[in-house]
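**Q**
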Amino acid sequence: MRLSDTDQQALLSSARIIRFAAGDTMEYAGQVPAGMTFLITGRVRLTATAEDGSVVPVTTLHEGGFLGLTALTRQPNLAGAHALDEVTALEVDREHLEHLVMRETTAAAGFWSHPRGAAKQGATGGRPQLAPRAARPAPRGRAATRTGRLTRPANARYPGVMTLQAAPRSAAAQQREPDLRQEVHDAARRARVAARLLAVVPTGVKDRALHAAADAILAHVDRILSANAEDLDAARAADTPAAMLDRLALNPQRVDGIAAGLRQVAGLPDPVGEVLRGYTLPNGLQLRQQRVPLGVVGMIYEGRPNVTVDAFGLTLKSGNAALLRGSSSAARSNEALVNVLRSALDSEQLPADAVQLLSSADRSTVTHLIQARGLVDVAIPRGGAGLIDAVVRDAQVPTIETGVGNCHVYVHEAADLDVAERILLNSKTRRPSVCNAAETLLVDAAIAEHAMPRLIGALQDAGVTVHLDADEQDLRREYLAMEIAVAVADGVDGAIAHINEYGTGHTEAIVTTNLAAAQRFTERIDAAAVMVNASTAFTDGEQFGFGAEIGISTQKLHARGPMGLPELTSTKWIVWGEGHTRPA
Numbered sequence: 001m002r003l004s005d006t007d008q009q010a011l012l013s014s015a016r017i018i019r020f021a022a023g024d025t026m027e028y029a030g031q032v033p034a035g036m037t038f039l040i041t042g043r044v045r046l047t048a049t050a051e052d053g054s055v056v057p058v059t060t061l062h063e064g065g066f067l068g069l070t071a072l073t074r075q076p077n078l079a080g081a082h083a084l085d086e087v088t089a090l091e092v093d094r095e096h097l098e099h100l101v102m103r104e105t106t107a108a109a110g111f112w113s114h115p116r117g118a119a120k121q122g123a124t125g126g127r128p129q130l131a132p133r134a135a136r137p138a139p140r141g142r143a144a145t146r147t148g149r150l151t152r153p154a155n156a157r158y159p160g161v162m163t164l165q166a167a168p169r170s171a172a173a174q175q176r177e178p179d180l181r182q183e184v185h186d187a188a189r190r191a192r193v194a195a196r197l198l199a200v201v202p203t204g205v206k207d208r209a210l211h212a213a214a215d216a217i218l219a220h221v222d223r224i225l226s227a228n229a230e231d232l233d234a235a236r237a238a239d240t241p242a243a244m245l246d247r248l249a250l251n252p253q254r255v256d257g258i259a260a261g262l263r264q265v266a267g268l269p270d271p272v273g274e275v276l277r278g279y280t281l282p283n284g285l286q287l288r289q290q291r292v293p294l295g296v297v298g299m300i301y302e303g304r305p306n307v308t309v310d311a312f313g314l315t316l317k318s319g320n321a322a323l324l325r326g327s328s329s330a331a332r333s334n335e336a337l338v339n340v341l342r343s344a345l346d347s348e349q350l351p352a353d354a355v356q357l358l359s360s361a362d363r364s365t366v367t368h369l370i371q372a373r374g375l376v377d378v379a380i381p382r383g384g385a386g387l388i389d390a391v392v393r394d395a396q397v398p399t400i401e402t403g404v405g406n407c408h409v410y411v412h413e414a415a416d417l418d419v420a421e422r423i424l425l426n427s428k429t430r431r432p433s434v435c436n437a438a439e440t441l442l443v444d445a446a447i448a449e450h451a452m453p454r455l456i457g458a459l460q461d462a463g464v465t466v467h468l469d470a471d472e473q474d475l476r477r478e479y480l481a482m483e484i485a486v487a488v489a490d491g492v493d494g495a496i497a498h499i500n501e502y503g504t505g506h507t508e509a510i511v512t513t514n515l516a517a518a519q520r521f522t523e524r525i526d527a528a529a530v531m532v533n534a535s536t537a538f539t540d541g542e543q544f545g546f547g548a549e550i551g552i553s554t555q556k557l558h559a560r561g562p563m564g565l566p567e568l569t570s571t572k573w574i575v576w577g578e579g580h581t582r583p584a
């Protein structure tokens, strides 16, 4: 069910809205009213914590949608033993959720919000606990709890609207906050010292350290895979989607590839000290502009252990220090990898603090990292749209947006359909969970009648779910899965207008034999990479020929497209004189 924009605005304007912080939870007490719903403004993933302590993914909600509580019992992940009345808490896994409105249409129930850790602690390891079922209250219009209260504002249009009123943070949470901030700042200060040392380390020394790190990873492969197996077991228990499990998983071949990536970086040209331009002024002053390291690079990324090593290799070669905050889903893998990397640095007499892992699972760690102005030089979020939006919105240090890829393949009326089919399938199915995968197929209206059945059939034969009736939400969605939206474009100009409206500035492709159409497409599409008769999957640092990348920037400053070693540097002007002074 969806409300019209007018009804949404009426509802939001008449209700008192709570703003949730990352990690807040909503805890249930009492009977579930059949008609209670949540109106979502923003994007949110819900998980449920069952009585046995397991965390069960429930659903992903999008802006303007409604979630009925009783509908949760129909979710596959909550079937059987995970019936709704056995669920103790719904966790808001918030990437950029701002508002949540609860609308009651039948009997009231007790619902409240509290920061993580503020609830009464029970015997199950700190999980928020409910009273025994027989003793659970069913208050009307209020909740008897110390952690929050339920309010019923006056609302003529929606008389049953209730809002969740946030509770003050617990004393323990308030005490923990300064400790985490201090922990992050201390790590950043150590990284800053390491970065100043690395800035002047010769290329040969850095390359030896990269080879030593590769050797150490291979020597400790069993330890790394054992840690990764624990992460995978926990992820499977939480019903993590297959695409996310694939990102998380390591195996001997992938570990070999990670080590080979470090050796590849060692073989790349060192950007530090490269002179971009130089000249002598008429007054005799000699000027040159040369590359210098950025300093401390904060990386915030999701469950991909290979990013840990990629970030280390690229920051080390470019003379920077890396402060890493990976996903808790890969915590054991990241810890094992970083310990190996630090040992390798130490063995080469380089500062181990050139790579540090912020291991706390508390999400405020990210906030402290991206607000450490004067300690962190740049923050690079690498993950889904919610993560990137949250970092860019809350950061007080410079950021580089990476990765969100609503990529299109446009099949022009002059396309060779054999070529179009190959490119489409490769763009969508090669690795559907990565940011350069195609998410929308655009077919020129002039050939739609005979081209669409063939292209859609090929997608379906490959196991792709095709959204033929794609709405506004589908057309803006980054599926990261074997799904794709389909739309018809009114010629090349229609395709350009559609892509510039719905795309994310990542990678866009045209399939055509018409040179003029290709030229028009490349000139007018606003994206980091534009492909002509080539798969979107080629947007990658290694495929572009400059080795590993730290991410694919979708912004225009300071870098755009795949970010290699040069993009991890800034510049400095060096001016030589002979007692020169500037005239008055």
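Under the UniProt record's numbering, the letters of the sequence shown match residues 1 to 584, in that order. C-beta atoms are modelled at their ideal positions from N, C-alpha and C, and glycine is treated no differently.
In three-state terms, what does DSSP make of residue 570?
**A** Per DSSP, reduced to three states, the secondary structure at residue 570 is strand.
**Q** Helix or strand or just coil, what does DSSP make of residue 558?
**A** coil
**Q** Between residue 190 and residue 353, what straight-line distance do the alpha-carbon atoms span, to the nearest angstrom?
**A** C-alpha separation (whole angstroms): 6 Å.
**Q** Quick one: grab the DSSP three-state call for residue 230.
**A** helix
**Q** Rounded to whole angstroms, how far is the Cβ of residue 489 from the Cβ of residue 442, which I believe are closer than 8 Å?
**A** 5 Å
**Q** Please specify which runs of the beta strand (DSSP E), each continuous and at least 3 residues long, are wholly inside the region 440-500, giving them in chain order.
**A** 465-467, 483-489
**Q** Touching or not, the region 549-558 and the region 251-271, by the rule of three or more beta carbon pairs under 8 Å?
**A** Touching, no.
**Q** Following the continuous alpha helix (DSSP H) through residue 388, name the residue where it begins and the one where it ends.
**A** 385-394
**Q** Nearest by alpha-carbon distance to residue 280: which of 180, 288, 273 is it?
**A** 288
**Q** According to DSSP, is residue 323 part of a helix, a strand, or is it coil?
**A** Strand at residue 323.
**Q** Let me know if residue 108 comes out buried or exposed under the rule of 16 or more other beta-carbons within 10 Å of its beta-carbon.
**A** Since pLDDT at residue 108 reaches only 29, below the 50 mark, its modelled position is unreliable, and no value is offered.
**Q** Count the other CB atoms within 10 Å of the CB of residue 163; is the residue buried (16 or more) or exposed (fewer)?
**A** Confidence in residue 163 is poor, its pLDDT being 33 and thus under 50, which makes the residue's placement unreliable; the coordinate value appears in the next sentence. Sixteen is the threshold: when 16 or more other Cβ atoms of the shown chains lie within 10 Å of the Cβ of residue 163, as they do, the residue is buried.
**Q** Taking 8 Å as the limit between beta carbons, can you name the residues of its chain near residue 571, skipping five residues before and five after?
**A** 276, 289, 290, 291, 292
**Q** Using CA atoms only, rank isn't needed, just tell me which of 486, 429, 476, 470 is closest to residue 453.
**A** 486
**Q** If you reduce the DSSP assignment to three classes, tell me which class residue 370 lands in.
**A** helix
**Q** Closer than 7 Å: is that where the CB of residue 490 sits relative to any heavy atom of the ligand FMN?
**A** The ligand content of the structure shown is nil, which means the ligand FMN is not present either.
**Q** Just list the residues that DSSP pairs residue 529 with in beta bridges.
**A** 507
**Q** With H, G and I counted as helix, E and B as strand and the rest as coil, what does DSSP make of residue 252?
**A** helix
**Q** Quick one: what's residue 278 bridged to in DSSP?
**A** Answer is 288.
**Q** Would DSSP call residue 355 helix, strand or coil?
**A** strand
**Q** With distance defined between alpha-carbon atoms, name the residue in 321, 556, 414, 465 nearest to residue 341.
**A** 321
**Q** State buried or exposed for residue 248, treating a residue as buried only when at least 16 other CB atoms are found within 10 Å of its CB.
**A** buried
**Q** Would you decide whether residue 565 is buried or exposed? Buried here means 16 or more other CB atoms lie within 10 Å of its CB.
**A** With 16 or more other Cβ atoms within 10 Å, it is buried.
**Q** With a threshold of 16 other CB atoms inside 10 Å of the CB of residue 267, please say whether the residue is buried or exposed.
**A** Exposed, because fewer than 16 other Cβ atoms sit within 10 Å of the Cβ of residue 267.
**Q** Quick one: what's got a C-beta closer than 7 Å to residue 308's C-beta in the same chain, skipping five residues either side?
**A** 324, 326, 334, 337, 338
**Q** Should residue 421 and residue 475 be called a contact, given that it needs their Cβ atoms to be closer than 8 Å?
**A** no
**Q** Can at least three beta-carbon pairs, one atom from the region 392-412 and one from the region 511-524, be found at a separation below 8 Å?
**A** Enough Cβ pairs lie closer than 8 Å, so yes.
**Q** Buried or exposed: where does residue 427 fall if 16 or more other Cβ atoms within 10 Å of its Cβ makes it buried?
**A** buried
**Q** If you count every other CB in all the chains shown that lies within 10 Å of the CB of residue 382, and 16 or more means buried, which is it?
**A** buried
**Q** Roughly how far, in whole angstroms, is the beta-carbon of residue 406 from the beta-carbon of residue 478, given that I think they are within contact range, below 8 Å?
**A** 5 Å
**Q** Give me the Cα-Cα distance between residue 349 and residue 206, rounded to the nearest whole angstrom.
**A** When rounded, the separation of the alpha-carbon atoms in residue 349 and residue 206 is 11 Å.
**Q** So, residue 361 versus residue 331, is the Cβ gap smaller than 8 Å?
**A** yes
**Q** So residue 358 and residue 369 are supposed to be a Cβ contact under 8 Å. How far apart are they, rounded?
**A** 7 Å
**Q** CA-CA distance, residue 440 and residue 536?
**A** 11 Å
**Q** Nearest-angstrom Cα distance between residue 504 and residue 531?
**A** 15 Å
**Q** Does the distance from the CB of residue 586 to the CB of residue 210 come in under 8 Å?
**A** It is not possible to answer for residue 586, since the shown part of the chain is limited to 1 through 584.
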